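Residue numbers (our numbering): 261 to 534.
Quick reminder that beta carbons are idealized off the backbone N, C-alpha and C, glycines included.
Computed from a predicted structure; not experimentally measured.
Here is the structure we will look at.
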Ligand SMILES: [Zn+2]
Ligand SMILES: [Zn+2]
């Protein structure tokens, strides 16, 4: 059976970890059946690079944003720069943005203020958002509730919470994206969520080069490994891998406004870029 085409809804192809072999990593993803990658920005500078990389591949798309780790340094000029990037058709979302109260590299109140500024920007540009939240679920939910009517959707990336938390985000119109964390044997509450949530609202991602799935734990992660998360999701839900691949592909295209044929397609076993 041919490998079903897979969408990696969140990867960082422009991190220093890939400086020496980025094109090989992208080729390996393609050979592993990955036909769509959302390349995610974490700073203004990185977002520009992310867009430049995406321009080189019809099946790779970009986001632009500033990770909450960098919230303390966000200026008006940075907001304007992100707004400029959002005008590019290759930039399909604003992110990653959000709250990280685990590492707390920026004070909490500043993170919240910047998060709100970016949510306003996403609304004014009618773009979906890619949200990072760590040890900050209650505050993230509270802030998002203020924006629920106006947001053009979005994704809770690397979701690692409980079923009830996932439902709260779904109720706000956001989709849930599972990373390689889903493959960890001790991630029991996450497994429970993955079994019970509606497949129509689920995405899969690598967050590469971080968060390698269980079979590659301790190594550098890469988009080709999204298949491990797809397999785990299929096993947990007792559904065929092909169905998981097809539905998460469709969901990724829907939330980011990409035509379902906008990625790479397989034709007679050969890879055809469209
Ligand atoms: Zn993140
Ligand atoms: Zn990320």
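Does the distance from the CB of residue i to the CB of residue j come in under 8 Å?
{"i": "residue 473", "j": "residue 443", "result": "yes"}
{"i": "residue 366", "j": "residue 332", "result": "yes"}
{"i": "residue 441", "j": "residue 471", "result": "yes"}
{"i": "residue 361", "j": "residue 396", "result": "yes"}
{"i": "residue 334", "j": "residue 374", "result": "yes"}
{"i": "residue 372", "j": "residue 403", "result": "yes"}
{"i": "residue 322", "j": "residue 299", "result": "yes"}
{"i": "residue 353", "j": "residue 388", "result": "yes"}
{"i": "residue 466", "j": "residue 483", "result": "yes"}
{"i": "residue 273", "j": "residue 286", "result": "yes"}
{"i": "residue 295", "j": "residue 319", "result": "yes"}
{"i": "residue 461", "j": "residue 497", "result": "no"}
{"i": "residue 408", "j": "residue 432", "result": "yes"}
What's the gap between the Cα of residue i and the Cα of residue j?
{"i": "residue 459", "j": "residue 504", "result": "8 Å"}
{"i": "residue 356", "j": "residue 500", "result": "31 Å"}
{"i": "residue 410", "j": "residue 283", "result": "38 Å"}
{"i": "residue 326", "j": "residue 446", "result": "31 Å"}
{"i": "residue 382", "j": "residue 271", "result": "20 Å"}
{"i": "residue 439", "j": "residue 303", "result": "21 Å"}
{"i": "residue 293", "j": "residue 369", "result": "42 Å"}
{"i": "residue 275", "j": "residue 405", "result": "32 Å"}
Based on the DSSP secondary-structure assignment, which residues constitute the bridge partners of residue i?
{"i": "residue 360", "result": "394"}
{"i": "residue 284", "result": "DSSP output for residue 284 lists no bridge partner at all."}
{"i": "residue 437", "result": "463"}
{"i": "residue 306", "result": "Its beta-bridge partners do not exist; DSSP assigns none."}
Apart from the five residues on each side of it in sequence, which residues of its chain come closer than 8 Å, Cβ to Cβ, to residue i?
{"i": "residue 457", "result": "423, 426, 427, 430 and 436"}
Beta-carbon within less than 7 Å of residue i's beta-carbon, same chain only, minus the 5 sequence neighbours each way: which residues are those?
{"i": "residue 520", "result": "510 and 513"}
{"i": "residue 277", "result": "469 and 480"}
{"i": "residue 269", "result": "298, 415, 437, 463, 464, 465 and 512"}
Does ligand 3 have a heavy atom nearer than 7 Å to the CB of residue i?
{"i": "residue 270", "result": "With respect to ligand 3, the structure shown offers nothing to examine, as its ligands consist of ligand 1 and ligand 2."}
Who are the near neighbours of residue i in its chain, counting only those whose CB is closer than 6 Å to its CB and skipping five residues on each side?
{"i": "residue 338", "result": "304"}
{"i": "residue 401", "result": "428"}
Task: Residues surrounding ligand 1 [beta-carbon distance to nearest heavy atom under 6 Å] - done: 356, 392, 417 and 418
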